[in-house]
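Colleague: Pasting in a structure now, in structure tokens, and then I'll have a few things to ask.
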């Protein structure tokens, strides 16, 4: 693999270089292979001071530099040309400069000299990333691996500039050189050009490190193998092609064909009811909250109930001819024949993917070689993504390859039913009078998971209870449907749907991390300092490590009476009832904190004198203070 970067210079330092007028002055390249040490190369226009550990080649004119880079690619015969934004900039720029200078070699970067290498501007639309401008690059026999495109597709970041991405994942950054400085450095002599070369090489190094750190190439290669989609197509196409290829592969084994569905190019307005989200029981929970999660819920539903195009019964006469034991009735009133009548193709595809994933994960746990572990992890992630993509494949009306909203609707309907059945089991079977001998309450549920408050004091007991609950609930489900114990939150703050914070425990010894959702993370325009500060304050509040003196609010009693019961008025009244001589009077400041109380109580009713709180061991209202923290930042 060759990871490269180019630098150009504009005659006007205040304008961005243009391939029509601005020459390529530096190309850096790093040749890497898993079995060998990386080699560094720099090609420069005009002489350049030596760079340690780097092969430096200098040329008197730009044509010679471009020809040398072509020869370098041809001699090393790279499988991959990699870089950061190379499709939209580096490769496109090189092809345009080659055309401008009539360097024919730049149209022959591929392995097949009969095919011209080229770059064309185009628009791409996928459900995952929307519509965006990109460049379609053709280099026969070589894959253009753009790290920028992959990071943008796979990760949600505040910025996708190389500097920001490198800082986020590597805690490292580019050299500090702005393009407006390029002309001055380029004309200043060998040391100036050395600084440009170092800057250019640094970009290639960061890109290669990102590729290795995030296993981008390994994961893409494993996804290609799993889905039978060529790597070059995989890098630019959406999820549908992956599922289509797996369907075609399965059908081919059975001597079947896949129908062509006409598409009108316009997304359909047809819809169906999606996943269930149980109404949250908002509040602060000092008791452990057990989280149970369905393993691969939608793929498992497809397998358990044989949901497929080929098993869906739409003809009433066919349904009437079937015995009740020959079909499943979905909660959305759709009917599917059972496996002994006809095994579905979609369940077969999904089952194969999940079985492969289990096998790969076992091998990964046994592996001792780090590179092998990385390969296997990439493969199991690819298998997971593919299995989860099959549900979405059926639900893309009009623009989908093979849409069937009835199947999508059946899957989500079964999902809602399973969550409700699990909730009912917890509420009716688990109580202090049952074998469990403790109380429970389902406080939230979302798509494939349940959050259950358990009346236990120890984390170890909560973990054991969670595992037992999952095992017992599973007894009522068809295989491979399985509810798993995932984690325990303690303490836990539930603010609203998809908004919560808690200390996460997967083992009783110490909590794993502070997990937040829908709080500070909704703002992507904050600097790391603010985000880290907010997280640390959330952790301190949840751990009850904030001194009460830091939570005190003071307000003045400025009027003899108020129409509404303000906190300072109510606290003053409480203090007067306890000790009239020392109670605050008009003009005095009243100090108070907010304590836990009835959820229907006003903030004023939950306000209390800090000294009284300490003397009586009252519980601080963590929810109130987290809300106070959230409001300025969300």
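Residue numbers (this note's numbering): 237 to 870. Just so it is clear, CB atoms sit at the ideal spot from N, CA and C, and this is done for glycine as well. None of these values were measured; they are calculated from a predicted model.
Three or more beta-carbon pairs under 8 Å between the segment 448-462 and the segment 419-426, yes or no?
Modeller: no
Colleague: Determine the extent of the alpha helix (DSSP H) in which residue 331 is found, giving its start and end residues.
Modeller: Sequence index remark: in the chain shown, residue 331 carries index 95 (1-based). Segment 327-337, the alpha helix (DSSP H) holding residue 331.
Colleague: Starting from residue 651, trace the alpha helix (DSSP H) in both directions and tell me its first and last residue.
Modeller: Numbered from its first residue, the chain shown carries residue 651 at position 415. Looking at the DSSP string, the run of the alpha helix (DSSP H) that includes residue 651 is 641-665.
Colleague: Is it true that the CB of residue 777 sits closer than 8 Å to the CB of residue 683?
Modeller: Stepping through the chain shown from its first residue, residue 683 is reached at position 447. Stepping through the chain shown from its first residue, residue 777 is reached at position 541. Not a contact, by the Cβ cut-off of 8 Å.
Colleague: Which of the three DSSP states, helix, strand or coil, is assigned to residue 188?
Modeller: Outside the displayed range of the chain (237 to 870) lies residue 188, so it cannot be described from this structure.
Colleague: What are the partner residues of residue 557, as DSSP defines its beta bridges?
Modeller: Taking the first residue of the chain shown as 1, we reach residue 557 at position 321. Bridge partners of residue 557: none, in fact.
Colleague: Under 8 Å by Cβ, that's how I've got residue 546 and residue 585 pegged, so tell me the actual separation to the nearest angstrom.
Modeller: Your numbering for residue 546 matches position 310 in the chain shown. Your numbering for residue 585 matches position 349 in the chain shown. Rounded, the Cβ-Cβ distance is 12 Å, inconsistent with contact.
Colleague: In three-state terms, what does DSSP make of residue 341?
Modeller: The residue given as residue 341 occupies position 105 in the chain shown. In the structure shown, residue 341 sits in a helix (DSSP, three-state: H, G or I).
Colleague: Per DSSP, which one or two residues make a beta bridge with residue 844?
Modeller: If you number the chain shown from 1, residue 844 lands on position 608. In the DSSP assignment, the residues bridged to residue 844 are 829.
Colleague: Please report the Cβ distance between residue 651 and residue 641, rounded to the nearest whole angstrom; I am assuming they are in contact, meaning their Cβ atoms lie under 8 Å.
Modeller: As a first step, residue 651 is located in the chain shown; it is residue number 415 there, counting from the start. As a first step, residue 641 is located in the chain shown; it is residue number 405 there, counting from the start. Residue 651 to residue 641, Cβ: 15 Å. No contact.
Colleague: Taking just the CA atoms, how far does residue 453 sit from residue 784?
Modeller: Position 548 of the chain shown, counted from the first residue, corresponds to residue 784. Position 217 of the chain shown, counted from the first residue, corresponds to residue 453. Rounded to the nearest angstrom, the two C-alpha atoms are 51 Å apart.
Colleague: Tell me the DSSP secondary structure of residue 748 in three-state form.
Modeller: Residue mapping note: residue 748 aligns to position 512 of the chain shown, counting from 1. Residue state, collapsed to three classes: coil.
Colleague: Let me check one thing: in DSSP terms, what residues is residue 396 bridge-paired to?
Modeller: Locating residue 396 in the chain shown gives position 160, where the first residue counts as 1. Paired residue(s): none; residue 396 is not in a bridge.
Colleague: Taking the beta strand (DSSP E) that residue 347 belongs to, which residues open and close that run?
Modeller: Within the chain shown, the letter at position 111 stands for residue 347. Here residue 347 belongs to no beta strand (DSSP E), and DSSP marks it neither H nor E.
Colleague: Skipping 5 residues on each side, what residues in its chain have a beta carbon closer than 8 Å to that of residue 260?
Modeller: For the purposes of this step, residue 260 is taken as the residue at position 24 of the chain shown. Within the same chain, residue 260 has close Cβ partners 242, 243, 244, 281, 298, 301, 302, 329, 330, 333.
Colleague: Beta carbon of residue 314, beta carbon of residue 436: below 8 Å?
Modeller: For this step, residue 314 is matched to residue 78 along the chain shown. For this step, residue 436 is matched to residue 200 along the chain shown. Not in contact: residue 314 and residue 436 (Cβ atoms no closer than 8 Å).
Colleague: Tell me which same chain residues have a C-beta within less than 7 Å of the C-beta of residue 807, skipping the five on either side of it?
Modeller: Translated into the one-based positions of the chain shown, residue 807 becomes position 571. Cβ neighbours of residue 807 beyond the five flanking positions: 826, 828, 843, 844, 845.
Colleague: In the DSSP assignment, the alpha helix (DSSP H) including residue 306 goes from what residue to what residue?
Modeller: Stepping through the chain shown from its first residue, residue 306 is reached at position 70. Counted as a single uninterrupted DSSP element, the alpha helix (DSSP H) harbouring residue 306 occupies residues 298-312.
Colleague: To the nearest angstrom, how far is the alpha carbon of residue 739 from that of residue 397?
Modeller: Here residue 739 is taken as the residue at index 503 of the chain shown, counted from 1. Here residue 397 is taken as the residue at index 161 of the chain shown, counted from 1. Our two residues, residue 739 and residue 397, have alpha carbons roughly 33 Å apart in a direct line.
Colleague: State the start and end residues of the unbroken beta strand (DSSP E) segment that holds residue 685.
Modeller: Working through the chain shown from its first residue, we reach residue 685 at position 449. From DSSP, the beta strand (DSSP E) with residue 685 extends over 685-690.
Colleague: Please identify the residue among 524, 257, 252 whose C-alpha is closest to the C-alpha of residue 336.
Modeller: Looking up residue 336 in the chain shown gives position 100. Of 524, 257, 252, the residue nearest in Cα terms is 257.
Colleague: Starting from the C-beta of residue 375, find all residues in its chain whose C-beta is less than 6 Å away, skip the five residues before and the five after it, and write them out in chain order.
Modeller: Translated into positions along the chain shown, residue 375 becomes position 139. So the qualifying residues of the chain are 345, 346, 353.
Colleague: Could you spell out the range, first to last residue, of the beta strand (DSSP E) harbouring residue 855?
Modeller: What you label residue 855 is simply residue 619 of the chain shown in a count that begins at 1. That residue, residue 855, is in no beta strand (DSSP E); it is neither H nor E in DSSP.
Colleague: Going by DSSP in three states, residue 244 sits in which element: helix, strand or coil?
Modeller: One-based indexing of the chain shown puts residue 244 at position 8. It is a strand residue.
Colleague: Tell me, please, which residues DSSP counts as bridged to residue 238.
Modeller: Taking the first residue of the chain shown as position 1, residue 238 is located at position 2. In the DSSP output, where bridge partners are listed per residue, residue 238 has 267, 317.
Colleague: Note the first and the last residue of the continuous beta strand (DSSP E) segment covering residue 740.
Modeller: Within the chain shown, the letter at position 504 stands for residue 740. Unbroken beta strand (DSSP E) run through residue 740: 735-741.
Colleague: Could you please give the first and the last residue of the uninterrupted beta strand (DSSP E) stretch that includes residue 727?
Modeller: Residue numbering aside, residue 727 sits at position 491 when the chain shown is read from its first letter. Where residue 727 is concerned, the enclosing beta strand (DSSP E) stretches over 719-732.
Colleague: What's the gap between the Cα of residue 562 and the Cα of residue 542?
Modeller: For this step, residue 562 is matched to residue 326 along the chain shown. For this step, residue 542 is matched to residue 306 along the chain shown. Answer to the nearest angstrom: the Cα atoms are 11 Å apart.
Colleague: Between the Cα of residue 391 and those of 380, 836, 404, 399, spot the shortest distance and give me the residue it belongs to.
Modeller: The residue given as residue 391 occupies position 155 in the chain shown. Selected option, being the one with the closest Cα: 404.
Colleague: In terms of DSSP beta bridges, what is residue 357 paired with?
Modeller: Locating residue 357 in the chain shown gives position 121, counting from the first residue. Answer is 371, bridged to residue 357.
Colleague: Compare the beta carbon distance of residue 381 and residue 471 with 8 Å and say whether it is the shorter of the two.
Modeller: Position 145 of the chain shown, counting from 1, holds the residue named residue 381. Position 235 of the chain shown, counting from 1, holds the residue named residue 471. Taking C-beta atoms as the reference points, residue 381 and residue 471 count as a pair closer than 8 Å.
Colleague: According to DSSP, is residue 254 helix, strand or coil?
Modeller: On the chain shown, residue 254 is found 18 positions in, with the first residue counted as 1. Reduced to three states, the DSSP call for residue 254 is coil.
Colleague: If you count every other CB in all the chains shown that lies within 10 Å of the CB of residue 430, and 16 or more means buried, which is it?
Modeller: Residue mapping note: residue 430 aligns to position 194 of the chain shown, counting from 1. Answer is buried; the Cβ neighbour count reaches 16.
Colleague: For residue 639, does the count of other Cβ atoms within 10 angstroms reach 16, so buried, or fall short, so exposed?
Modeller: Locating residue 639 in the chain shown gives position 403, counting from the first residue. Per the 10 Å Cβ criterion, buried.
Colleague: Hey, residue 516 and residue 730: beta-carbon distance below 8 Å or not?
Modeller: Stepping through the chain shown from its first residue, residue 516 is reached at position 280. Stepping through the chain shown from its first residue, residue 730 is reached at position 494. Residue 730 is positioned such that its CB atom lies closer than 8 Å to that of residue 516.
Colleague: DSSP beta-bridge partners for residue 291?
Modeller: Start at 1 with the first residue of the chain shown, and residue 291 comes out as number 55. Residue 291 is bridged to 277.
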